Structures are given as C-alpha cells and as structure tokens.
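Worksheet for the structure shown next.
2 protein chains.
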Amino acid sequence: MIRKTRLFTPGPTPLLPAAQFAMAAADIHHRTAEFRALYLRVLEQLKTFVGTKNDVLLLASSGTGAMEASISNLTSPGDRVLVLSAGKFGERWTAIAKAFGCAVDVVSVPYGQTFLLEEVRKALKIETRAVLMQATESSTGVRHDVEGVAKLLKKQESSALLIVDAITGLGTTHLDVDGWGVDVIIGGSQKAVMIPPGLAYLSLSDQAWEATEVAQNPRYYFDLRKERKNAQKGESSYTPAVALIAALGAALDFIAAQGGGDLAAGRKALVENAETCAAMTRAAVEALGLKLFAPVFPAAAATAVYAPEGVDSGVIVKELKNRFAAVVTNGQGEMKGQIFRIAHIGLFDYMDTIAIIGALEQVAASALKLPGFAFGKALAAAQKVYAERTGAKKEAAEEALAAR
Amino acid sequence: MIRKTRLFTPGPTPLLPAAQFAMAAADIHHRTAEFRALYLRVLEQLKTFVGTKNDVLLLASSGTGAMEASISNLTSPGDRVLVLSAGKFGERWTAIAKAFGCAVDVVSVPYGQTFLLEEVRKALKIETRAVLMQATESSTGVRHDVEGVAKLLKKQESSALLIVDAITGLGTTHLDVDGWGVDVIIGGSQKAVMIPPGLAYLSLSDQAWEATEVAQNPRYYFDLRKERKNAQKGESSYTPAVALIAALGAALDFIAAQGGGDLAAGRKALVENAETCAAMTRAAVEALGLKLFAPVFPAAAATAVYAPEGVDSGVIVKELKNRFAAVVTNGQGEMKGQIFRIAHIGLFDYMDTIAIIGALEQVAASALKLPGFAFGKALAAAQKVYAERTGAKKEAAEEALAAR
Chain A
13 MIRKTRLFTP GPTPLLPAAQ FAMAAADIHH RTAEFRALYL RVLEQLKTFV GTKNDVLLLA
73 SSGTGAMEAS ISNLTSPGDR VLVLSAGKFG ERWTAIAKAF GCAVDVVSVP YGQTFLLEEV
133 RKALKIETRA VLMQATESST GVRHDVEGVA KLLKKQESSA LLIVDAITGL GTTHLDVDGW
193 GVDVIIGGSQ KAVMIPPGLA YLSLSDQAWE ATEVAQNPRY YFDLRKERKN AQKGESSYTP
253 AVALIAALGA ALDFIAAQGG GDLAAGRKAL VENAETCAAM TRAAVEALGL KLFAPVFPAA
313 AATAVYAPEG VDSGVIVKEL KNRFAAVVTN GQGEMKGQIF RIAHIGLFDY MDTIAIIGAL
373 EQVAASALKL PGFAFGKALA AAQKVYAERT GAKKEAAEEA LAAR
Chain B
13 MIRKTRLFTP GPTPLLPAAQ FAMAAADIHH RTAEFRALYL RVLEQLKTFV GTKNDVLLLA
73 SSGTGAMEAS ISNLTSPGDR VLVLSAGKFG ERWTAIAKAF GCAVDVVSVP YGQTFLLEEV
133 RKALKIETRA VLMQATESST GVRHDVEGVA KLLKKQESSA LLIVDAITGL GTTHLDVDGW
193 GVDVIIGGSQ KAVMIPPGLA YLSLSDQAWE ATEVAQNPRY YFDLRKERKN AQKGESSYTP
253 AVALIAALGA ALDFIAAQGG GDLAAGRKAL VENAETCAAM TRAAVEALGL KLFAPVFPAA
313 AATAVYAPEG VDSGVIVKEL KNRFAAVVTN GQGEMKGQIF RIAHIGLFDY MDTIAIIGAL
373 EQVAASALKL PGFAFGKALA AAQKVYAERT GAKKEAAEEA LAAR
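Top to bottom, those sequences are chains A and B. Just so we're aligned: the first sequence equals residues 13 to 416 in the working numbering. Just so we're aligned: the second sequence equals residues 13 to 416 in the working numbering.
Structure below.
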C-alpha cells in the first residue's frame, strides 16, 4: 500500500500549506520597509493570538531559547525560583535556572500527574523570585492549572513572577494571560501555529519588564529590552528568520479565518478543535482497552497512552510508522517504552483523527493481545464523541438562529 | 472543526508533494539539452508505466485531446467505427468520431453495466475500422473487459484497431497492452500519475502507425507522426507543458519507488493499492446498507454508490464537502443526483480511505435514514478487508521467507 507520511507528533506538527507557500515565496531582505510591514503585522497578530495587551517578541530560536531568555532577563545569580516539575520540560526549567545560578526549589510530582496547589503554596517562599511551570507538559500529555497557580500567588501576596512555558499550551487550552496575571508566556512556531521549528515568541507583563531592569544575569542574543525597542520599529536585533515569519503571518491568517476573520475567535476554535480530536482519541483508546496515562487532567495538545502490560510502546510507534507512515511519539525521559503519544495540536482535523484511530486498531489487531478486541469498537467510540460534540453545537447554533 | 480540503475525485486526484516541488522548480527552457534529457527520460519511463515496447507520446492537452488525436490520426471521413458505450466517456467517443465524419456503430448498455462480448461480436462488421472503448468508465465506476474484446477481435480475424481510453484505467487495472494487442492506449496526467491536469499520453501499435499513413482526417496540433519524429529527438512539436513534465518525472520516480525501484512492479503495486482502497470502500458501503452502482465489474479507480431511495446524491456530496471538506463527485450525465463516487485512483492510502468511510458514517448518521445504522459498522467492515488483504500477503511473504 501507498503510505503518505503524516506527523501525529506534538511538535513539529503538520505544516499548513498556505504557510509553506508563504515561506517559499519569502524572498525579501530584512532591513526594508517591506519586511518591517510584515514584522509589525505579525507581532500585532501574535498579541491577539496570545491574548495579551503586552508586546510579543519573536526570537530566531527554539522554544528553549525563549525559556532561557525569560531566566536570563528576569533573574540574577542566587535568586530563588520555584519550579513545578512533572515531566521532561519541567526538568528543563530546573536545568536552565541552575545554569544561570538560581537557587532552585522544586515541587515535583510523578510523570502523568499534576500538582496540588497546596504543595505549591507550601513550597513558595517570601524570597521566591519566580515560579516556573508548563501550561501543558508535552512529555506526558498533562494539563497544569495555570489559573490556579496565578490565583494562589495573588492570594499569598507573593511578588514572584509567574513564568509559563505554553509552548504546547497556546492554541490547545484556554489561557487568560493578562486576566490571570501570567507574567511571561512562551510559545513556539512548530506547535499550534502550524509552521516549522525555528521561532519562539514570548510576552512580558509590566512587572516582568521591571524585573529586566534589575536582573544581573548575562544576556546578549536574548536581550529582551533591546529586542522590544527594535520590535516596536519593526526591526529585529539580529537577522530574523524571514521565511518563518512570513509563514507565521499566513498561519495566523488561517487561524483568524477559523474564527470568521476574528483571530481571538479563531484561537478559541483552534482550542475546541484540539479538544474534539483529543476527546475522540481518548474515547477510542479506552474502547480498545488501553489505559490513558493522564486520565485526570488530560491536555488537548496530545494524548498519552500506556502500552499494554508487557509490550514496549516503541513497538506501537514502530508499527504505526512502518505500516501506515503515521508518526506518533514514544514517551520521553523515564516514560520511554511505557507510553506513546498522539498529537492534536495544530492542523489536525476529523479525517486525520479517525484515520490514526483506524491505524491504531489495525496495530492492536496484529500486534497487541487485547481482551475483547473487535474491529470498529474504538472507531465507533470516536464517531459517537464527534457526533455528540459537533451535533450538540450544531443544534444549539440552529436554536439560537431560530430564536432570533 | 478545522477542515482540510481533500480530493476523493477520480481526476483530478490528490497531488504528489514531490511532483509539486518538481513543478515549482521547473524553471527551464524547452529548447535546451536540459529539457531534452528530462523529456527523453520521462518518455522512456512512460513506456514502462504503460507497459509497452512502443513509443509513448506526450501531448499538452487533456485526455480528450488524445482521444481526438487517435481518431484524427487513424481514421478517414466515412470510416466505420464501433463504440462500446456505457457512460459519459463512451458517449464522448461517439461525439468525437462523428465530429471527424466517421460512421458510428454503438453497442450501448445502461450506465453501471458492461458489455456482453457476444453483443460486441454481433455489432462488429468486416469494414469496422476501429473499436473504441474505455478500460474503466469513470462516470459509472465500471471496469470493461479490454482483454476479452482484444481476444474477440483476434478470434474474428478483424482488422479493426482497438483504441482504448485508459485514462482512469492505467494504474488501477491490469492491462497487458502489447500482449493483448491493444492498438492505442490513452492516459491523462490528473489520474493515477498524481499530477495536475494538462498532459495526455498515448502509444500506438505498429498497425496503428500504419493507419496514420493512410488516414485522411485533418490534424495539425495533434499530428502524431510529427510528434513521434520530434519525441525521438527529445523535442515536442509545439511548446511543451514543461512544469507538468517535470512533475510527471517525479511522479514516475515515486511509483517506481513503490516497486522497490522497479517501475513495472511499482505500477502493479499502484493497482493493488487502488484495489485495496476500493475493496475497503465497497465493504463499508454495503455494511452501511447502501447499494453499489456497479456490483459486478467494479473498477478500482472509483466506487459509485446509489444514494438511498428518495435522497438526492447531491446531498451526500454536499455534506461531505461542507462538514469534512472531502470532495467526492456526483454522478455524471443521466446518473446525476442518483449516485456519488469515491475515488481510489492515484495517491490514496489506508488513512485516506478509512477517513472518508468515517466521514460517510457521520453523514449517514445525520442526513440519511438507514435501517440498522450504527456507528463503526461500516468502518469495521473496511478494517476487516484491510486486515485480510494486507495480513494474508504479509503472512505469505513471511512463509516464503521462512521456506528459504
């Protein structure tokens, strides 16, 4: 059989064709009026996409670059920070903070779980300079309670900055950045915005900008004050990734189109899209008799699933790749071999989702011994979820229309 | 929900990305050594793809252009031809032959059926100059018996040329062009070779080339003798569609890769691929309780399905388009509103096929009143067909390996 390669990975995610075309056509110099117009437009769109009144800055780096920038620009050696860690990317916060000389406290929970706010409260100290967390932990498919942590900091009258890696959270989960009081929010290009890796973006609250004035950690390439000054003129401090920025503009146009031309509505539609794909997948996986890795706070970005007892999850990843050219990811860190992850972040639709479930049934039939297995069971479960979610909405919309 | 547009139409078919890239990069002049090398290579590959020792010619035209070329180059006004007509494209043979002054006999069967060889035999006259037929009738999804007709002509010692429109037949059905004695075989670019419309190709037997010497019908753009002379030098008579030819080269490379680098094996794999997608679709449609339009000689190029009693098939086409951006086709000619057609020709894989079946279940659930409908039934039927077809082969291959 023909096998078309399809990414079902939580980054890189499938590329938007309109963004690919924009990228291919981006034959422009970056110190020109043409580029400045593009850059200012994309930065403005990003503010709406992130949902903040603050400036959003774009960096030619991976998401980790923006994580580093938020540490190097906001902390000084010896500063105390609190990391909420529940997976590989939580661990990365610890590593970066340590590299920049911070004293790191950690609230750590096992992979697949999330934090109790009470534990966070206990770990918070008067001198805690920043709380570092993920909106969703890509390595485990768990959503963390950003709103809860933000509220806790307010309630405790903590002066700690809340720094959120929302690299897989943006576009897959509801985030009220300014309303909740998130001080730094970080995104990446190869995620919900459907373009290749190479760009990171972040925005800082007023309080965070104040912190950049006193922070003593060294930074040059990631100097955010310099970057903001330039960005306001439509310039980047160093050579920008022009083609990716053109692609990002096209992708944000596409997302706006999903909201009938309104980018904020489009972002909401994108989140709902991921939620529906995730709900279909969870229902299917449970109908197969497989166990969800994160049944309690599942992220819509990706669904993590336990391999059956005695089966290496790498076998499932490999079978999906070899037989269907469907690329799903293994567990990361300590979960490698135990779970596999199917993504819903970005450009996935009903057709993609039902197809990967079909492929998973085929792999289950040939490579897994699941009691009570029958072809169509997982697919039927996903079909029902889709029909309920879209049918209910459709009826509500029709009723609203009839009520006018 | 996000909806990615996907063609499930029997031409144009989904584009091969590698061909799209080759097309975009094709910035070359056609009267250069560079183009001649490309052209000679593609013409040579086409011979293998068609499965003939004869020259294959490429025309910058749609498939209908090559149909006309085969009439204008091989017949004279007043010549008697026999058209085997069972759909819109059979009717097109009649129209073209009449336009060039031929006396047309027709064996006509209703849409959805194919001819009895006995009827063909009865209609054949001593003076019949050519028999015109389709390998598969795209408008109805029916496969015709090219081998049977070829054998019949031999048995009857007929001097009639056998001219076969294999525009949707090539790459979806087994055709032994030289072995059976097909005199003219015709293909189009927007079909199994996965590139956009704009190119037609055809090859002629020695007997057909002889006929071009005596044919009196006028032709200039489609003068095949001139075209062959030029093609042998790597030239086209008139400006060739360079980008499409570059795309075709990339597509034929892809097809060869499906056969482990062997283009003839790749063509066979492509046929089997379409057959599996078609078998999955037929099983699903029947499990839904819908009726196949061509249950007896179904083509692998596309599956034609009756809409349920009292439902316009346009409703199903529209729902698939509006809700899933999945483009299937309505019936053509007199079948419009009665059937819809799902394609398998070209770049379709398991994932595409299971997804369109899922979408069809959703449409059935919301828009059709099918007795006994349940989510997953059609999908399960397709899953079983896929598992049987690919599993059986896999086991056989493993046994063969074990037997060494």
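Cβ atoms here follow ideal geometry from the backbone N, Cα and C, with glycine treated the same way. For clarity, every value in this text was computed on a predicted model and none was experimentally measured.
Item, Value
"Distance, alanine 269 (chain A) Cα to leucine 211 (chain A) Cα", "22 Å"
"Inter-residue CB distance, alanine 98 (chain B) and glutamine 125 (chain B) (contact presumed, cutoff 8 Å)", "6 Å"
"CB contact below 8 Å: lysine 333 (chain A) versus chain B", "no"
"Residue ranges of each alpha helix (DSSP H) within the region 35 to 119 of chain B, 4 or longer", "45 to 62, 75 to 86 and 100 to 111"
"Range of the contiguous alpha helix (DSSP H) that encloses leucine 282 (chain B)", "275 to 300"
"Alpha helix (DSSP H) segment containing arginine 353 (chain A), residue limits", "Per DSSP, arginine 353 (chain A) belongs to no alpha helix (DSSP H); it is in the beta strand (DSSP E), 351 to 355."
"Cα-Cα separation between alanine 390 (chain B) and leucine 96 (chain A), rounded to whole angstroms", "46 Å"
"heavy atom of the ligand PLP below 7 Å from glutamate 239 (chain B) C-beta", "In the structure on display, the ligand PLP does not appear, and there are no ligands present to speak of."
"Cβ of threonine 288 (chain B) within 8 Å of any chain A Cβ", "yes"
"Spatial neighbours of lysine 333 (chain B) in its chain, beta-carbon cut-off 7 Å, leaving aside the 5 residues before and after", "Val339"
"CA-to-CA distance, leucine 128 (chain A) to methionine 347 (chain A), given in whole angstroms", "22 Å"
"Alanine 386 (chain B) - DSSP class collapsed to helix/strand/coil", "coil"
"Helix, strand or coil at threonine 251 (chain B) [DSSP, three-state]", "coil"
"8 Å contact criterion, which leucine 216 (chain A) and aspartate 195 (chain A) should meet: CB distance rounded", "7 Å"
"Supposed contact pair arginine 53 (chain A) and threonine 87 (chain A) - C-beta distance, whole angstroms, cut 8 Å", "Actually they are not in contact, since the Cβ atoms of threonine 87 (chain A) and arginine 53 (chain A) sit about 33 Å apart, beyond 8 Å."
"Beta-carbon proximity list for serine 120 (chain B), same chain, < 6 Å, skipping 5 on both sides", "Ser97"
"Residues of its chain near alanine 259 (chain B), where Cβ-Cβ distance is below 6 Å and the 5 sequence neighbours each way are ignored", "Ala31, Ala34, Met35 and Ile207"
"Which of helix, strand or coil DSSP assigns to serine 378 (chain B)", "helix"
"Residues of its chain near aspartate 190 (chain A), where Cβ-Cβ distance is below 8 Å and the 5 sequence neighbours each way are ignored", "Gly63, Thr64, Lys65, Asn66 and Ser217"
"Cα-Cα separation, isoleucine 357 (chain A) to glutamate 239 (chain A)", "29 Å"
"3 or more residues per run - each beta strand (DSSP E) lying fully within the region 192 to 261 of chain B", "196 to 200 and 212 to 216"
"In DSSP terms, what valine 176 (chain A) is bridged to", "A:Met145 and A:Ile197"
"Residue span of the beta strand (DSSP E) that contains alanine 316 (chain A), given as start and end", "314 to 318"
"For proline 310 (chain A): DSSP bridge partner residues", "A:Val154"
"Any C-beta of chain B under 8 Å from that of glycine 349 (chain A)", "no"
"Chain A within 8 Å of serine 12 (chain B), Cβ atoms only", "The question about residue 12 (chain B) has no answer here: the residues shown for chain B are numbered 13 through 416."
"Three-state class that DSSP yields for isoleucine 14 (chain B) in the structure shown", "coil"
"Short CB-CB distance (under 8 Å) between aspartate 361 (chain A) and chain B", "yes"
"Per-residue burial, alanine 204 (chain B) [other beta carbons within 10 Å of its own, 16 or more giving buried]", "buried"
"Amino acids of chain B, ordered along the chain, whose beta-carbon sits closer than 8 Å to that of isoleucine 207 (chain A)", "In chain order: nothing, as chain B lies at least about 15 Å away."
"Any chain B beta carbon closer than 8 Å to glycine 102 (chain A)", "no"
"Under the three-state DSSP convention, the category threonine 184 (chain A) falls into", "coil"
"Partners in chain B for glutamate 298 (chain A), counting only beta-carbon separations shorter than 9 Å", "Those within 9 Å of glutamate 298 (chain A) in chain B number zero; the least Cβ separation is about 14 Å."
"Outcome for valine 154 (chain A) when other beta-carbon atoms lying within 10 angstroms are tallied against a minimum of 16", "buried"
"Chain B residues whose Cβ lies nearer than 8 Å to that of tyrosine 398 (chain A)", "Gln374"
"Opposing strand residues paired with asparagine 342 (chain B) [DSSP bridges]", "B:Phe352"
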